[in-house]
Ligand code: SF4
Ligand code: SF4
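In our numbering, the protein residues as written are 13 to 245.
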C-alpha cells in the first residue's frame, strides 16, 4: 500500500504555518473532554499486572488506542510538560515520515511518538495505553509476544479474548468509533496521530490521513492488537 506523499507534504506545509493554532486546538479539545471516564480508565489500568522487561523499545511502534486513552495521555502531558515541549510534540506528530522504519520486505513500522530511544523510556509511562500494558502477557495458547516480559504477579495473568472484550466494553462507553474503510467494520482503536488529527481537523480528514498515510506505515504491533481484541459487535 502506497503512502499518499502529496497529502504528507501538505501536512508538513500546514504545520510550518499553523503549529501554534494546532497546539491550541489539541489542548482545547482535551480540556473540553475534561475528566470524563478518566477515573474508570485509571482504575482499569491499576488492575492490570505490573510487568518488567529489558526496555529495548523494539515493540514501541505506533499502537492503536481508544479515544479515551488519547485524552488521558493529553491530559497528563498538559499538566506535566512545558509549553515548548508540547509544541515540539505537535511538530513531531506532523513529521510522520521521520518515524517510519523498514523492518523487512514490504513490512514497515512507525515508531511511537512517545518513545525516547536515547534514554530508553516511554515518555507517558504512567498513562500508557492498554496495548502497551498487555503486550507480552501470557495468552491462552501459552505464547507471549515477547519472552523478556515478566509478569510480577503470581500466578501470571492470562490474556483471554473475554478479558479483552470486557475491557473494551468498559472503555468504549467513553470512546468514539469510526468506519475507516467503506463496507468494512467500525473500529475503536486508532493510532495516537489519528485522534490528534480528528481533533484539530475533522473526522473525515483524519480518516483520510489514516487510510492514506498511517495504514501504509502500519506497524505489526498495531495489527496484532486489533487482531486479538476484535470487534465487540
Ligand atoms: S516488551 Fe520486549 S520488545 Fe518490548 S521493550 Fe520490552 S523487551 Fe523490548
Ligand atoms: S506509549 Fe510508551 S510503552 Fe506504548 S508504545 Fe509508546 S513508548 Fe512504548
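Just so you know, even glycine gets a beta-carbon here, dropped at the ideal spot from N, CA and C.
Own chain partners of residue i with C-beta closer than 7 angstroms, once the 5 adjacent residues on each side are dropped
i	result
residue 45	83
residue 237	Reliability of the predicted coordinates at residue 237 is poor, the pLDDT of 46 falling under 50, and the value obtained from them is presented with this limitation in mind. Answer for residue 237: 75, 76, 143 and 201, listed in chain order.
residue 172	152
residue 57	145
residue 207	79 and 82
residue 17	none
residue 104	125
residue 129	69
residue 31	99, 102 and 103
residue 240	Residue confidence is low: residue 240 scores 45 on pLDDT, short of 50, so the model does not pin down where it sits. Its coordinate-derived value is still stated next. For residue 240, where only same-chain residues beyond five positions count, the Cβ hits under 7 angstroms are 176.
residue 141	75, 77 and 81
residue 42	83, 86, 87 and 90
Beta bridge counterpart(s) of residue i as assigned by DSSP
i	result
residue 122	112
residue 156	The partner list for residue 156 (beta bridge, DSSP) is empty, contrary to what the question assumes.
residue 128	133
residue 15	Answer is none; residue 15 lacks a bridge partner.
residue 189	Answer is none; residue 189 lacks a bridge partner.
residue 66	Per DSSP, none; premise fails for residue 66.
residue 171	151
residue 162	64
Under 7 angstroms between C-beta atoms of residue i and residue j
i	j	result
residue 168	residue 150	yes
residue 200	residue 184	yes
residue 71	residue 126	no
residue 159	residue 61	no
residue 85	residue 139	yes
residue 35	residue 87	no
residue 15	residue 228	yes
residue 132	residue 122	no
residue 212	residue 37	yes
residue 135	residue 90	no
residue 223	residue 192	yes
Cβ-based neighbour list, residue i, same chain, cut-off 8 angstroms, excluding 5 preceding and 5 following
i	result
residue 20	108, 109 and 225
residue 161	63, 64, 65, 147, 148 and 149
residue 170	149, 150, 151 and 152
residue 67	132 and 133
heavy atom of ligand 1 below 6 angstroms from residue i C-beta
i	result
residue 54	no
residue 70	yes
residue 133	no
residue 124	no
residue 67	yes
residue 148	yes
Residues near residue i by beta carbon distance below 6 angstroms, same chain, minus five either side
i	result
residue 49	80 and 186
residue 23	106
residue 13	228
Residue i beta carbon near ligand 2 (any heavy atom closer than 6 angstroms)
i	result
residue 183	no
residue 202	no
residue 144	yes
residue 160	no
residue 139	no
Self-check item: Continuous alpha helix (DSSP H) assignments of at least 4 residues falling wholly in the segment 21–61
Solution: 50–59
Checklist entry - Which residue spans inside the segment 199–224 form an unbroken alpha helix (DSSP H) run of at least 4? => result 204–212 and 215–221
Taking only runs of the beta strand (DSSP E) that begin and end inside the segment 68–101, which ones reach a length of at least 3 residues, in chain order? none
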